[in-house]
Each structure stands twice: as structure tokens, then as C-alpha cells.
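First the structure, in the form of C-alpha cells, and then the observations on it.
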Amino acid sequence: MVGIPNSCCASRQPMHLMWKLERCVVLNAKDICVIGRKMTGKIYYSHIRYIGHLKERKLKDHMAKDPTEVIRKVVMCMLPRNKLRDDRDRKLRIFAEGEHTFHDRPLEPFVMPPRKVREMCPRARCAMIRAQKKDQDMEAKKAEGEAAKNGKATVAA
1 MVGIPNSCCA
11 SRQPMHLMWK
21 LERCVVLNAK
31 DICVIGRKMT
41 GKIYYSHIRY
51 IGHLKERKLK
61 DHMAKDPTEV
71 IRKVVMCMLP
81 RNKLRDDRDR
91 KLRIFAEGEH
101 TFHDRPLEPF
111 VMPPRKVREM
121 CPRARCAMIR
131 AQKKDQDMEA
141 KKAEGEAAKN
151 GKATVAA
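Per UniProt numbering, the very first residue in the sequence shown carries number 1; after that it's consecutive.
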């Protein structure tokens, strides 16, 4: 789901084509996978400003009612809040099943780009090396202590 707002914002297009966004199509919305206990533990609240009208609905209930609305809410929260937001929402198409209405146009599957591995800064690298040396020294002392208990002396050259 992380790639959906990027494709809705058309961040890979030049600035003069930003308003001319392509459609973003999401298929199989009913098959989303959530981590941990979010299906029963994640609660959406709504309130109409009257006392006692705080409504709670779990993600499981939302998915049973309309799985496309769950993804739409998530994506809309990730998009910037500006005057292009309504256009981006209109061009986001979400389908609960694998069937869609865009049979005349070929759909390109979105592939997440690989993450860039950053090099560690020198201070962090030195701290990691110090921690590794400290662990090695502790293991060596443990081994010497166990050898001394067993009566075997080791000679260091």
C-alpha cells in the first residue's frame, strides 16, 4: 500500500504533467494482509458531535462491509492535503475482486523499487566495531574462565 500514494501523486512525472495524472487501479482489495492483531484490534472512530454518539468499528467489520473503503481511507490519509487531493481521489480506482472495467487499456503492475542501503556514518561504524570487539573480549574471558575451572591452562603467544 505504500506505493499507491506515490503513483497517485505522479511523483515520477515532470512538473508540467502533474495535473495530468494517470489512473491508479488497485485490484483484489478484499485480500489485503494486515500484521498482528490489527484485524480485531484496529478501531476506527466516528462522531457526530452529540453526546453518546461515538461510534466504534473494527477493521474486520469495515472489511466485511466494504474493503475498498478501507484502502481509500488509508491512501487518502497518506496523500498531501491540498487542492489536487480531490482529483487524485477521483483517479484512484479500487476493486474488491480481480475484475475491473479497464479492459481496453493495458495495466502495468507496480513494482516496489529496491531500498537504497545507506552507508553508516564513521561514528556509528566505530561504535559498532567497538561493540563487536567488546563481545569478542567477553567471550574470550568466558572461555578462559571455564578452562581455568577445568584445570586446563591456555598459553597465549
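C-beta atoms are modelled at their ideal positions from N, C-alpha and C, and glycine is treated no differently.
Just so it is clear, the structure is predicted and the values come from calculations on it, not from any experiment.
A Cβ-Cβ distance of about 11 Å is found for the pair Ile32 and Ile94, leaving them out of contact under the 8 Å criterion. Scanning Arg57, Glu108 and Cys77 for the CA closest to the CA of Lys42 turns up Arg57.
Put simply, of Lys60, Ala148 and Cys24 the residue whose alpha carbon is nearest the alpha carbon of Arg37 is Lys60.
In the displayed model, Val74 falls within a helix according to three-state DSSP. Closest option to Met120, judged by alpha-carbon separation, among Lys30, Pro113 and Met128: Met128.
Cys126 has no beta-bridge partner at all, per DSSP. Secondary structure of Lys141 (DSSP, three-state): helix. Fewer than three Cβ pairs drawn from the segment 73 to 85 and the segment 98 to 107 lie within less than 8 Å of each other, which leaves the two stretches out of contact.
In the structure shown, the three-state DSSP call for Lys149 is helix.
Using a Cβ distance threshold of 8 Å, Asp89 and Met78 do not count as a contacting pair. Counting every other CB atom within 10 Å of its CB across the protein chains shown gives Cys126 a total below 16, marking it as exposed. Cβ contact annotation for Glu108 (same chain, cutoff 7 Å, sequence separation greater than five): none.
Taking C-beta atoms as the reference points, His62 and Leu54 fail to come closer than 8 Å.
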